[in-house]
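Q: Please see the structure below; I have some questions.
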Amino acid sequence: AYVEDRWVPHSGFLIEPGFRWDWDEIVRHPLFSPRIAFNYFPPGQRDKTKFSAGIGEYYGHTQLQYLTLAQAGTRYDTYYAADGTTPLGPPLTTTFTENDDTLNEPHALNWSVSLQREIPGHTYAGVSYMWRRTSDAFVYASQSGPAALSGHYVLTNDRQENYHSFQIHARHTFHHGYTLFGAWTHSSATTNAALDYTPTVSTLGRQQPGPLPWDTPNRILSWGWLPTWAPLLPTIHKNWDFVYTFEWSTGFPFNSIDANDVLVGAPGSHRFPNYFNFSPGLEWRFHFRGKYFAIRGLLENATDAMNPYVVNPNVDSPQYLMFSQPEGRAFTTRIRLIHSSK
57 AYVEDRWVPH SGFLIEPGFR WDWDEIVRHP LFSPRIAFNY FPPGQRDKTK FSAGIGEYYG
117 HTQLQYLTLA QAGTRYDTYY AADGTTPLGP PLTTTFTEND DTLNEPHALN WSVSLQREIP
177 GHTYAGVSYM WRRTSDAFVY ASQSGPAALS GHYVLTNDRQ ENYHSFQIHA RHTFHHGYTL
237 FGAWTHSSAT TNAALDYTPT VSTLGRQQPG PLPWDTPNRI LSWGWLPTWA PLLPTIHKNW
297 DFVYTFEWST GFPFNSIDAN DVLVGAPGSH RFPNYFNFSP GLEWRFHFRG KYFAIRGLLE
357 NATDAMNPYV VNPNVDSPQY LMFSQPEGRA FTTRIRLIHS SK
């Protein structure tokens, strides 16, 4: 159930409160999540300056994958000597259990503020800040002590996650809707429980804080839609547009492990190479059977930047920190319907 209202106490000031109620058949608790947002336009600057802010509590759905892990059975780990055939001892057993009655629904408190203003040249620039704190997130916790690599794990609500970001962006709109956009975002995504224990093969070691797998401290994003330069296409340039996307970001973090899948060093102590992607293209607009279409061809990753998907994180391997499966260059096309003629 959800209720929302809009209130305008005076011109240029909008308040939108809301309230949501959920019932979850797993945790079996009523979930109440209020939120409120504001938009303010200073007098006489309604089309030039806008200030926005909001705060709210948000509940997600119960992640069933964590519950089903408790049904996976018992795990047996056998460790071997350097020859690979001599066991160092009997198999170690590991079990996973969960109890719906002891769980709470993960929830997040999210708030943000932003300021946007028109600057000379019909360009809109803005700054924004967002902070999100997730509490009571699911994580399996060892009941056998922090140094144990096997034993009994119980599903708990012990995980907390924090995300904050600061962004500067600018957008310039030309005639006929042509647009240039650019943004730089500085962010941090961390958790107090960086290891995700599972019944299958997973990273072992003492639970500790670290970055989330999608943590990227810096990101630059730009995209544009522009008319082609007339001398290049002197007869058909009016139907051709130049488009592009550009992205650069800090590489994602990953863990180092040894041959027994035991964490080496701190979680997320290494990162993938910085991500870089520049994808230019052309779009041709045309009429066909009373409809207006556009065909776009895009050269993805035009510079053929490495952007690997895989890394060898095993410190005992001669290929340790070797990256592989690069993204590569590709050509893609798409067709879209702009509108139909009546």
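With the sequence shown counted from 1, adding 56 to any position gets you this note's numbering. Ideal Cβ placement from N, Cα and C applies to all residues, glycine included. Note that the structure is a prediction, hence the values are computed from the model and not measured.
#1: To the nearest angstrom, report how far apart Y376 and E113 are at their CA atoms.
#2: Please name the residue in D156, N295, F152, P269 whose C-alpha comes closest to that of V83.
#3: According to DSSP, simplified to helix, strand and coil, what is G233?
#4: DSSP three-state label for D297, please.
#5: For a test of the three-state rule: what should DSSP assign to T124, helix, strand or coil?
#6: Please give me, in chain order, every unbroken run of the beta strand (DSSP E) with length at least 3 that falls completely inside the segment 170 to 198.
#7: Which residues in the same chain as L171 place their Cβ atom closer than 7 angstroms to its Cβ, once the five residues preceding and following it in sequence are excluded?
#8: Our contact map puts S325 next to S312 with C-beta atoms below 8 angstroms; I'd like the distance itself, whole angstroms only.
#9: Sorted by chain position, which residues of the same chain lie with C-beta nearer than 7 angstroms to P290's C-beta, five sequence neighbours on each side aside?
#10: I need the straight-line Cα distance from Q101 to R173, nearest angstrom please.
#11: If you draw a straight line from the C-alpha of R385 to the C-alpha of S168, how long is it?
#12: Hey, how far is the Cα of I276 from the Cα of A239?
#13: Please classify Y152 as buried or exposed, where buried requires at least 16 neighbouring CB atoms within 10 angstroms.
#14: Quick check on this structure: which residue in V371, I224, P329 has the alpha carbon closest to the alpha carbon of A361?
#15: Go ahead and label D297 buried or exposed: buried means 16 or more other beta carbons lie within 10 angstroms of its beta carbon, across all protein chains shown.
#16: In chain order, which continuous runs of the beta strand (DSSP E) of length 3 or greater are located wholly inside the segment 58 to 133?
#17: Look at the Cβ atom of D192, then the Cβ atom of N160, and state whether they are nearer than 8 angstroms.
#18: Compute the Euclidean distance between the alpha carbons of H343 and F230, then round it to the nearest angstrom.
#19: Go ahead and label A315 buried or exposed: buried means 16 or more other beta carbons lie within 10 angstroms of its beta carbon, across all protein chains shown.
#20: Run through DSSP, which three-state label would A286 get?
#21: Return the chain-ordered list of same chain residues with a C-beta closer than 7 angstroms to the C-beta of A203, the five sequence neighbours on each side being excluded.
#22: State the DSSP-derived secondary structure class of D252, mapped to helix, strand or coil.
#23: Between E356, H232, T130, Y365, which lies nearest to F387 when the distance is taken from Cα to Cα?
#24: Just grab the DSSP bridge partners of Q263 for me.
#25: Give the single residue among L165, D78, L125 whose Cα lies nearest to the Cα of N218.
#26: Can you have a look at Y115 and say buried or exposed, based on whether 16 or more other CB atoms are within 10 angstroms of its CB?
#27: On the DSSP bridge list, what partners appear for R227?
#28: Measuring CB to CB, does T150 end up less than 8 angstroms from G201?
#29: Keeping to the same chain, check which residues put their C-beta closer than 8 angstroms to that of A126; ignore five residues upstream and five downstream.
#30: Three-state secondary structure (DSSP) at D214?
A: According to the structure data:
#1: Distance between the alpha carbons of Y376 and E113: 43 angstroms.
#2: Of D156, N295, F152, P269, the residue nearest in Cα terms is D156.
#3: Residue state, collapsed to three classes: helix.
#4: Looking at D297 - three-state DSSP - the assignment turns out to be strand.
#5: Correct three-state label for T124: helix.
#6: DSSP runs (the beta strand (DSSP E)) wholly in the segment 170 to 198: 179 to 198.
#7: If we look at L171 and ignore the five residues flanking it on each side, its Cβ neighbours are F107, G182, V183.
#8: The beta-carbon distance between S325 and S312, rounded to whole angstroms, is 6 angstroms. This is short enough to meet the 8 angstroms contact definition.
#9: Confidence at P290 is low in this model, with a pLDDT of 46, below 50, so its placement is unreliable and the value that follows should be read with caution. Same-chain partners within the cutoff: there are none.
#10: The C-alpha of R173 is placed about 9 angstroms away from the C-alpha of Q101.
#11: If you draw a straight line from the Cα of R385 to the Cα of S168, it comes to about 37 angstroms.
#12: Taking the Cα positions, I276 is about 6 angstroms away from A239.
#13: According to the sequence shown, residue 152 is Phe rather than Tyr. Buried.
#14: The residue with the shortest Cα to Cα distance from A361 is P329.
#15: It counts as buried.
#16: With a minimum length of 3 residues, the continuous beta strand (DSSP E) runs that stay inside the segment 58 to 133 are 58 to 60, 63 to 66, 69 to 79, 86 to 96, 105 to 115, 131 to 133.
#17: Cβ distance < 8 angstroms, so D192 and N160 count as in contact.
#18: The straight-line gap from Cα to Cα measures roughly 24 angstroms.
#19: When all chains shown are included, A315 counts as exposed.
#20: Confidence in A286 is poor, its pLDDT being 44 and thus under 50, which makes the residue's placement unreliable; the coordinate value appears in the next sentence. Of the three classes helix, strand and coil, the one that applies to A286 here is helix, per DSSP.
#21: Only R262 meet the Cβ criterion.
#22: Secondary structure at D252: coil, using DSSP grouped into helix, strand and coil.
#23: When each option's Cα is compared against that of F387, the closest is E356.
#24: According to DSSP, residue pairing for Q263 in a beta bridge does not occur.
#25: Residue L165 is the option with its Cα nearest to N218.
#26: It is buried - the Cβ of Y115 has at least 16 other Cβ atoms within 10 Å.
#27: Answer by DSSP bridge pairing, in chain order: Y180, F237.
#28: Against a cut-off of 8 angstroms, the Cβ pair of G201 and T150 comes out as no contact.
#29: So the qualifying residues of the chain are F152, T153, E154, L211.
#30: In the three-state reduction of the DSSP assignment, D214 falls in the strand class, which pools E and B.
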